[in-house]
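No gaps in the numbering here: position 174 of the sequence shown is 1001 in the numbering used here, and each next residue is one more.
Think of the CB as a built atom: it goes at the ideal place given N, C-alpha and C, for glycine as much as any other residue.
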Amino acid sequence: MEVKEIILVIPGLVCLIYGWLVYRLRSGTATFGLWLLLGSAFLGAAAGMHFHILAGLPGFWSQLGSAVFVLLLLVIVIVEIFIVSGFFAECPGNLDCLIVLGAQVYGDGPSNVLKYRLDAACGYLLENRETLCIVSGGQGPNEPCPEARVMCKYLMKNGIEKARIFMEEESTTTMENLANSSRYFDKERDTVGIVTNNFHLFRGMQLARKMGVKKVYGIPAGVRPLYLPNNMLREFFGVLKDLFYGNLL
């Protein structure tokens, strides 16, 4: 096996193993299929080189395939750079309000992804006693109750007074989270913090700006390192979707 074939085989195997792991851990809904597809593509390209299948293609198709691959790679790199920029967001103290974006909840409480968001919000709210908090999230088909209720209960259990918390229980998307939460603050004058996981923060802040929130800041929450590649892949498609619908620019 030649070096260029090995260069394709290694990431192919890594993608297949990671996709299987995501599936077994039941994390990321159907995103595991994208990892399996990506791994198969790498291995398919390696097999094509090894058995000289690709060499038999006409020059035009070979060049077109290479151009498409390079363009796709460039798009992925650019989008992921913007996503990573959200990891380093900073905000001042004493914001007027926070918006904590919802995520999956279970019968026994918030998911791990949502706990990271709530813990980040708690840390800020305990240090900035005048800041109010909007917990935003409706009820999905596989959830026992609206996400906002579980979020409110978690914050209260961790020392945040109920009088500081507003519940928005209708949203099912990030766009709706922000639009429905805007009824609780002045988009022109108030300072607003978006609390979500680091991989999701760039899109959350851009959506808020697009909606007319003038003074928006980001508070990045963490995520389990094992799930970060999967989250980054999902977020890539989330950014593309909102770009397509004109929500980001």
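C-alpha distance - ASN955 paired with CYS918, whole-angstrom precision: 12 Å
Endpoints, the beta strand (DSSP E) within which ILE1021 is located: 1018-1024
ILE905, buried or exposed, once every other Cβ within 10 Å from all chains shown has been counted against 16: exposed
Contact under 8 Å by Cβ, ASP923 with VAL1022: no
As assigned by DSSP and simplified to three states, the class of VAL1043: strand
Per DSSP, cross-strand counterpart(s) of SER963: LEU928 and GLU995
Local Cβ density within 10 Å of GLY1073, reported as buried at 16 or more and exposed below that: exposed
Secondary structure, beta strand (DSSP E): runs of 3+ residues fully inside the segment 845-889: none
Minimum C-alpha distance to LEU1075 - residue among LEU1028, PRO1056, LEU1055 and LEU1060: LEU1028
With 16 other Cβ atoms within 10 Å as the buried cut-off, status of TYR933: exposed
Entirely enclosed beta strand (DSSP E) segments - the segment 892-944, minimum 3 residues: 924-928
Closest by C-alpha distance to LEU1053, when choosing among GLN931, ILE910, ALA1006 and GLY846: GLY846
Contact the segment 937-955 vs the segment 980-987: 3+ CB pairs below 8 Å: yes
Neighbourhood of GLY965 by C-beta distance below 7 Å, restricted to the same chain and skipping five residues each side: PRO973, GLU974, GLU996, GLU997, SER998 and THR999
For LEU852 and ILE961, the rounded distance between their alpha carbons: 31 Å
Own chain partners of LYS831 with C-beta closer than 8 Å, once the 5 adjacent residues on each side are dropped: MET876
Outcome for TRP888 when other beta-carbon atoms lying within 10 angstroms are tallied against a minimum of 16: exposed
Through-space distance from MET828 to PHE878, alpha-carbon basis: 11 Å
Alpha-carbon spacing of LEU796 relative to PHE993, whole angstroms: Because the chain in this structure spans residues 828 to 1076, residue 796 falls outside the shown range and cannot be described.
Exposure label - ASP1069; buried when at least 16 CB within 10 Å: buried
Closest Cα partner of ILE908 within the set MET1038, TYR1044, ASN1025 and GLY1049: ASN1025
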